[in-house]
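Working notes, beginning with the structure itself.
Residue numbers (my numbering): 96 to 195.
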């Protein structure tokens, strides 16, 4: 695809315009694939490493650092949920913009 872009920019002004359109399209497609991969990564983290932790008072008494671990887990979960929201918003805008 790089050859197509180079060829488009070497031609006349109409071809150069086509090359710019092609390069923007290729960049947009690459950007979408990166965002989709990031979204899958964060979803996987939420489902595996940062699932909600249920603890009892007895657990907290027996393990003094457990409270800190639970708070850290909740903080990371909220952070990843926020990142996912931004990624989904971006994808909705990008996909909506392509259809028009």
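From the three backbone atoms N, C-alpha and C, an ideal C-beta is built for every residue, glycine too. These numbers come from a predicted model, not from an experiment.
- Just measuring C-alpha positions, the residue of 170, 190 and 175 sitting nearest residue 142 is 175.
- Distance from the CA atom of residue 145 to the CA atom of residue 138, rounded to whole angstroms, is 10 Å.
- Cβ-Cβ distances below 7 Å link residue 140 to 175 in the same chain, with the five nearest sequence neighbours on each side left out; the list follows chain order.
- Excluding five sequence positions before and after residue 168, the CB atoms of its chain that fall closer than 7 Å to its own CB belong to 145 and 148, given in chain order.
- For residue 146, no alpha helix (DSSP H) segment is defined, and its DSSP state is neither H nor E.
- The segment 181-188 makes contact with the segment 123-137: 3 or more CB pairs, one atom from each, lie closer than 8 Å.
- Residue 179 has its alpha-carbon roughly 24 Å from the corresponding atom of residue 120.
- Note on geometry: alpha-carbon atoms of residue 181 and residue 161 lie some 30 Å from one another.
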